[in-house]
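The structure appears right after this line, and notes come after that.
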Amino acid sequence: MTKSTLREIRIAQKITQHQLSEMTGISVRTIARYEKDIQTFRRAKYETLRGIAQALTVSVDDIFLDDGSDFMK
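Residues 1 to 73 (the UniProt record's numbering) make up the sequence shown, in order.
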């Protein structure tokens with residue numbers, strides 16, 4: 001599992017943390033924490049995970065792909 005999957009997806013879509021915050025109602029600080037610490041992100045409520053996934057137009061599963069995934073290739 002890579003720590004930066006959420007960050008990589010966000011950057012690939014040219015979305016800033018601030019924009020994602022506005023899209024989801026989640027603070028920039030919390031988004032930054034989720035990007036730095038996958039364990040914190042995993043403990044988030046499902047509704048939070050789903051909201052982030054919807055804003056990024058991916059599935060919740062896409063955010064949690066392992067290192068062998070080809071999502072970003």
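Where a beta carbon is used, it is the ideal one built from N, C-alpha and C, also for glycine.
No experiment lies behind these values; they were computed from the predicted model shown.
Distance between Phe64 and Glu22, taken at the CA atoms: about 22 angstroms.
Ala55 sits buried, since 16 or more C-beta atoms from the chains shown fall within 10 Å of its C-beta.
Looking at the backbone, the Cα of His18 and that of Phe41 are separated by about 17 angstroms. A Cβ-Cβ separation of about 12 angstroms leaves Leu49 out of contact with Ile31 under the 8 angstroms criterion.
Just so you know, the alpha carbons of Ala12 and Thr57 end up roughly 12 angstroms apart.
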